[in-house]
Amino acid sequence: QLATLEQYARASARAGLIDDVGNLSSTRAFIYRGTKDSCYTHGVMAQTAQWFASFAKNASEQVRFVDDVPSLHAIPTLRTGTVCGTELHGADAYAPGAMHGLEACGFDGPGEALRHIYGNLTLPANASAIDPQRVIAFDQSPFGMSGASSRDMAFARAGYMYVPRRCEQRSSGAGNGSKPCRLHVFFHGCGSAFNSGAEHGHGYGFNDTFISHAGFSAWGEANDIVVLYPQKDATKETCWDGYGWGGPQWATQHGGQMAAVWRLVSHVSGGLM
Numbered sequence: 130q131l132a133t134l135e136q137y138a139r140a141s142a143r144a145g146l147i148d149d150v151g152n153l154s155s156t157r158a159f160i161y162r163g164t165k166d167s168c169y170t171h172g173v174m175a176q177t178a179q180w181f182a183s184f185a186k187n188a189s190e191q192v193r194f195v196d197d198v199p200s201l202h203a204i205p206t207l208r209t210g211t212v213c214g215t216e217l218h219g220a221d222a223y224a225p226g227a228m229h230g231l232e233a234c235g236f237d238g239p240g241e242a243l244r245h246i247y248g249n250l251t252l253p254a255n256a257s258a259i260d261p262q263r264v265i266a267f268d269q270s271p272f273g274m275s276g277a278s279s280r281d282m283a284f285a286r287a288g289y290m291y292v293p294r295r296c297e298q299r300s301s302g303a304g305n306g307s308k309p310c311r312l313h314v315f316f317h318g319c320g321s322a323f324n325s326g327a328e329h330g331h332g333y334g335f336n337d338t339f340i341s342h343a344g345f346s347a348w349g350e351a352n353d354i355v356v357l358y359p360q361k362d363a364t365k366e367t368c369w370d371g372y373g374w375g376g377p378q379w380a381t382q383h384g385g386q387m388a389a390v391w392r393l394v395s396h397v398s399g400g401l402m
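First residue of the sequence shown: 130, per this note's numbering; consecutive thereafter.
Below, the structure written as C-alpha cells:
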C-alpha cells in the first residue's frame, strides 16, 4: 500500500493535480504519535514517516518520527495541560481554564517540531509567552467554500492567527530591510476547533487552548513566525477533509477545501511576510 501511495503522488504530479514531488526532496517532516494514542495506530504513523522518507534526499536527517512519549491522542508539552497519558473527566472537564488536547509530558512537542522543520530557533520563556493582543480573529468567509454541496467542507466564520510584534512592524513598513517573517499553519484536530463546545455536541470548549497555550504562538513570537489557525465549522465533527468527503479531487489542487486553504494562506503571506 505504501508503494501505491508513492506512485499515486508521482502520477498526480505528472498530471498537474499537485506540485512536483521533487519539492519533497528537501522537505523536513516531524511525525508524532503518543504511545497511548488509541486513535491512530503505530503502523499508520510509521508508514507516514516512511512515505516522506521515500522522497527525501537524506531521510535519516530530514524525517523525524517520535513514538516514545506516553501521551494519548494529544499535543505533548513540557508542563501545560493534563497529566501525561490522562484526560479530564466529570466536573474537571468543564472547569474554567481546563485544557483539552494538551498533556504535560516533559516533552515540548511544538518546539521540537518547529526546531526540526526550521532549524535553530530562540527558546521562548514558556508555552504561553505571548501577547494576547496579537491573537487576531478574522473573517474567513471570503476565502471559504459556498453552496449547499460544500456545506460539510465549510470554514467557520472566524479564523485566527498570531502575529509576532516584529512581524507586525515589518508589515507596516517599520522593519524595512529585515528578513521576512515565516508562516506556519496549524490545523486543529477533529472536535477541537475554537468553537467546539456543548452547542456543537462536543461537551466542552477548546477556545484558545491551542492558540494561546500549546506553544506554537510562543515559539512564533520568539522567532518571527506568523502562526495561522484556520478553523473548520461544526459539521463533520469539525474535522478537516483528510478522508475524501470532498469528492475524488479532495487531495489535489482542485479540491474545494484545499483550494480554500490555499487562498487563505496566499492572502496572509502576501500581507505579512
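No residue lacks a Cβ here, since even glycine has one placed at the ideal position from N, Cα and C. All figures in this text were calculated on a predicted structure; none of them were measured in a lab.
Let's test the definition: count the other Cβ atoms within 10 Å of the Cβ of residue i and tell me whether it reaches 16, buried, or not, exposed.
{"i": "glutamate 190", "result": "exposed"}
{"i": "tyrosine 137", "result": "exposed"}
{"i": "threonine 170", "result": "exposed"}
{"i": "tyrosine 372", "result": "exposed"}
{"i": "serine 321", "result": "buried"}
{"i": "proline 239", "result": "buried"}
{"i": "glutamine 130", "result": "exposed"}
{"i": "lysine 361", "result": "buried"}
{"i": "glycine 273", "result": "buried"}
{"i": "glycine 288", "result": "buried"}
{"i": "glycine 384", "result": "buried"}
{"i": "glutamine 269", "result": "buried"}
{"i": "tryptophan 391", "result": "exposed"}
{"i": "alanine 277", "result": "Low confidence applies here, because alanine 277 scores a pLDDT of 41, under 50, leaving its location unreliable and the question unanswered by this model."}
{"i": "proline 359", "result": "buried"}
{"i": "alanine 242", "result": "buried"}
{"i": "histidine 396", "result": "exposed"}
{"i": "alanine 144", "result": "exposed"}
{"i": "glutamate 328", "result": "Because glutamate 328 sits at a pLDDT of 45, beneath the cut-off of 50, its placement in the model cannot be relied upon, and the following sentence gives the value as read from the coordinates. By the 10 Å Cβ count, glutamate 328 comes out exposed."}
{"i": "proline 293", "result": "buried"}
{"i": "asparagine 389", "result": "Here residue 389 is alanine; the residue named in the question, asparagine, does not match the sequence. The residue in question, alanine 389, is buried, as its Cβ has 16 or more Cβ neighbours within 10 Å."}
{"i": "alanine 343", "result": "buried"}
{"i": "histidine 317", "result": "buried"}
{"i": "glycine 349", "result": "buried"}
Taking the alpha carbon of residue i as the reference point, which residue from the options has its own alpha carbon closest?
{"i": "alanine 182", "options": "Gly344, Arg299, Ala132, Gly376", "result": "Ala132"}
{"i": "cysteine 168", "options": "Gly230, Arg294, Gly344, Asp353", "result": "Gly230"}
{"i": "valine 173", "options": "Leu134, Asp260, Val356", "result": "Leu134"}
{"i": "isoleucine 259", "options": "Ala283, Thr215, Arg295", "result": "Arg295"}
{"i": "histidine 313", "options": "Ser398, Gly145, Lys186", "result": "Ser398"}
{"i": "cysteine 319", "options": "Met387, Ala175, Thr156, His202", "result": "His202"}
{"i": "asparagine 152", "options": "Lys186, Gln176, Cys310", "result": "Lys186"}
{"i": "phenylalanine 315", "options": "Arg208, Gly226, Val356, Asn255", "result": "Val356"}
{"i": "threonine 127", "options": "Gly145, Ile354, Ile340, Ser395", "result": "Since the first and last residues shown for the chain are 130 and 402, residue 127 lies out of range."}
{"i": "alanine 266", "options": "Pro309, Asn336, Gly226", "result": "Asn336"}
{"i": "isoleucine 246", "options": "Ala363, Thr156, Gln298, Trp379", "result": "Thr156"}
{"i": "asparagine 324", "options": "Thr215, Arg286, Leu393", "result": "Arg286"}
{"i": "aspartate 196", "options": "Pro261, Arg139, Asp166", "result": "Asp166"}
{"i": "leucine 393", "options": "Glu350, Val192, Phe284", "result": "Phe284"}
Kindly list the residues whose CB is nearer than 6 Å to the CB of residue i, restricted to its own chain and excluding five residues on each side of it in sequence; keep chain order.
{"i": "valine 198", "result": "Gly163, Pro205, Cys234, Phe236"}
{"i": "phenylalanine 194", "result": "Ile160, Ala178"}
{"i": "alanine 142", "result": "Asp149, Val150"}
{"i": "cysteine 403", "result": "Nothing can be reported for residue 403: it is not among the residues displayed for the chain, which extend from 130 to 402."}
{"i": "alanine 347", "result": "Pro253, Ala256, Ala258, Ile259"}
{"i": "glutamine 386", "result": "Met282, Asp370, Gly375"}
{"i": "tryptophan 379", "result": "Asp370, Gly373"}
Going by DSSP, which residues form a beta bridge with residue i?
{"i": "proline 205", "result": "Glu232"}
{"i": "tyrosine 74", "result": "As shown, the chain starts at 130 and ends at 402. That puts residue 74 outside it, with no answer to give."}
{"i": "histidine 313", "result": "Val356"}
{"i": "phenylalanine 267", "result": "Gly288"}
{"i": "threonine 211", "result": "Glu232"}
{"i": "phenylalanine 194", "result": "Ile160"}
Can you give me the Cβ contacts of residue i inside the same chain, cut-off strictly under 7 Å, excluding the 5 residues immediately before and after it?
{"i": "arginine 244", "result": "Leu250"}
{"i": "asparagine 425", "result": "Look at the range of the chain in this structure, 130 to 402, and you will see that residue 425 is not part of it."}
{"i": "glycine 254", "result": "Correcting the residue type first, residue 254 is alanine in the shown sequence and not glycine. Answer for alanine 254: no residue qualifies."}
{"i": "phenylalanine 184", "result": "Val150, Leu153, Ser154"}
{"i": "aspartate 221", "result": "Ala227"}
Going by beta carbon distance, what residues of the same chain come within less than 8 Å of residue i, once the five residues before and after it are set aside?
{"i": "valine 88", "result": "For residue 88 there is no data in the structure shown, the boundaries of the chain being 130 and 402."}
So, does the CB of residue i fall closer than 8 Å to a CB anywhere in chain B?
{"i": "cysteine 319", "result": "Among the chains of the structure shown, chain B does not appear; only one protein chain is present."}
### Task
Would you list, in sequence order, the uninterrupted alpha helix (DSSP H) runs of no fewer than 4 residues that lie entirely inside the region 137-192?
171-182, 188-191
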